[in-house]
Amino acid sequence: MWSVELSEEAFRDLSKLEKKIAERIVRKLEVAAKNPHRYLTRLVGHDDYKLRVGDYRVLVLLLHEKKVLFVQKLGHRKKVYR
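The structure is reproduced here in structure tokens:
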């Protein structure tokens, strides 16, 4: 099983969301940590991966040597890729 780490920006973004949405994102990250290649989709032209949670996206960097899902950024799909 992989572990999940959040960047400062991701932690700040998560704390600003509604409680219900934040809990959904955390649950989905826990499920993805069991088998990340099943739930994460690689972004074209980048080393990052994305995780879809409703209208929200979680941008993740996979650190294979440490088995860590490093969450770089998360937010609504309209704004997260900017």
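Each residue of the sequence shown is one higher than the last, beginning at 5 in our numbering. C-beta: ideal position from N, C-alpha, C; glycine also.
Given residue 84, which residues of its chain have a CB within under 7 Å of its CB, disregarding the five upstream and five downstream residues? 61, 63, 77, 78
Determine whether the beta carbon atoms of residue 44 and residue 53 lie at a separation below 8 Å. yes
Are the beta-carbon atoms of residue 55 and residue 38 separated by less than 8 Å? no
By the three-class DSSP mapping on this structure, what secondary structure does residue 44 have? coil
Cα separation between residue 25 and residue 80? 11 Å
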